[in-house]
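Residue numbers (the numbering used here): 39 to 158.
Glycine included, C-beta positions come from ideal geometry on N, C-alpha and C.
Below you'll find the structure, written out as structure tokens, and then a few comments.
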Amino acid sequence: MNGVTNLLKKNALTPPIPLYRRLLRVHRVMLGPQERALGDEYVKAEFRRHKNVTNPLHLVGFLTSWQRYAETLEADAWKEQRVDNRDLLESLNEQQLGQLYELSKALREERDSESDPVKK
Numbered sequence: 039m040n041g042v043t044n045l046l047k048k049n050a051l052t053p054p055i056p057l058y059r060r061l062l063r064v065h066r067v068m069l070g071p072q073e074r075a076l077g078d079e080y081v082k083a084e085f086r087r088h089k090n091v092t093n094p095l096h097l098v099g100f101l102t103s104w105q106r107y108a109e110t111l112e113a114d115a116w117k118e119q120r121v122d123n124r125d126l127l128e129s130l131n132e133q134q135l136g137q138l139y140e141l142s143k144a145l146r147e148e149r150d151s152e153s154d155p156v157k158k
């Protein structure tokens, strides 16, 4: 019974305010200054956008996604993750694909400028 209880506790949703605080704390601990600023801004904007949502299914999906994101950052597993899921890429609309491309391009440029001493 104890294993089942632990599993249920692990999969339980964190309420919105504690989850919000957890996300900002994880950003402070796990991310660099630029990544933290970007991440904090995005978290704050998303939580503001969803503040008045009343659909329970939408709320559960929203909280579950953010909780998984926090767990991924806490496990430090995010550094090796790649977007290789073809179904995921095909499900994105044009705007999302454009944002993903711009993010990828900016990250690649930043990485290249950090590794090339001439560009510094």
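Looking only at its own chain, which residues have a Cβ that is under 7 Å from the Cβ of leucine 61, when we skip the five neighbours before and after it?
-> Working through the sequence shown from its first residue, we reach residue 61 at position 23. Once the five neighbours on either side are set aside, the close Cβ partners of leucine 61 are Val81, Trp104, Ala108.
Between proline 54 and the rest of its own chain, which residues show a CB-CB distance below 6 Å, the 5 nearest in sequence each way excluded?
-> What you label residue 54 is simply residue 16 of the sequence shown in a count that begins at 1. If the five residues before and after proline 54 are omitted, its C-beta is found closer than 6 Å to no C-beta atom of its own chain.
In whole angstroms, what is the alpha-carbon distance linking aspartate 125 and leucine 135?
-> If you number the sequence shown from 1, residue 125 lands on position 87. If you number the sequence shown from 1, residue 135 lands on position 97. Between the C-alpha atoms of aspartate 125 and leucine 135 there is a straight-line separation of about 13 Å.
For the alpha helix (DSSP H) that contains threonine 102, what are its first and last residues?
-> Working through the sequence shown from its first residue, we reach residue 102 at position 64. Note, threonine 102: alpha helix (DSSP H), 94–112.
Looking at the structure shown, is alanine 50 part of a helix, part of a strand, or coil, going by DSSP?
-> Locating residue 50 in the sequence shown gives position 12, where the first residue counts as 1. Looking at alanine 50 - three-state DSSP - the assignment turns out to be coil, as it is neither helix nor strand.
Determine the DSSP secondary structure at valine 91, reduced to helix, strand or coil.
-> As a working note, residue 91 is residue 53 in the sequence shown. Valine 91 falls in the coil class under three-state DSSP.
What are the boundary residues of the alpha helix (DSSP H) that leucine 127 is part of?
-> Along the sequence shown, one-based indexing puts residue 127 at 89. DSSP places leucine 127 in the uninterrupted alpha helix (DSSP H) bounded by 124–129.
Determine the burial state of glycine 99: buried for a count of at least 16 other Cβ atoms within 10 Å of its Cβ, exposed for fewer.
-> Counted from its first residue, the sequence shown places residue 99 at position 61. With fewer than 16 other beta carbons inside 10 angstroms of its own, glycine 99 counts as exposed.
Which same chain residues, not among the five before or five after tyrosine 58, have their C-beta less than 6 Å away from its C-beta?
-> Position 20 of the sequence shown, counted from the first residue, corresponds to residue 58. Setting aside the 5 residues that flank it on each side, tyrosine 58 is surrounded in the same chain by Phe85, each with a C-beta closer than 6 Å to its C-beta; the list follows chain order.
Could you work out which residue in Leu130, Leu141, His65 is closest to alanine 113 when comparing CA atoms only?
-> What you label residue 113 is simply residue 75 of the sequence shown in a count that begins at 1. Residue His65 holds the alpha-carbon nearest to the alpha-carbon of alanine 113 among Leu130, Leu141, His65.
How close, in whole Å, do the beta carbons of leucine 138 and leucine 130 come, if the pair is a contact with beta carbons under 8 Å?
-> If you number the sequence shown from 1, residue 138 lands on position 100. If you number the sequence shown from 1, residue 130 lands on position 92. About 7 Å separates the beta carbon of leucine 138 from that of leucine 130, a gap short enough to meet the 8 Å contact definition.
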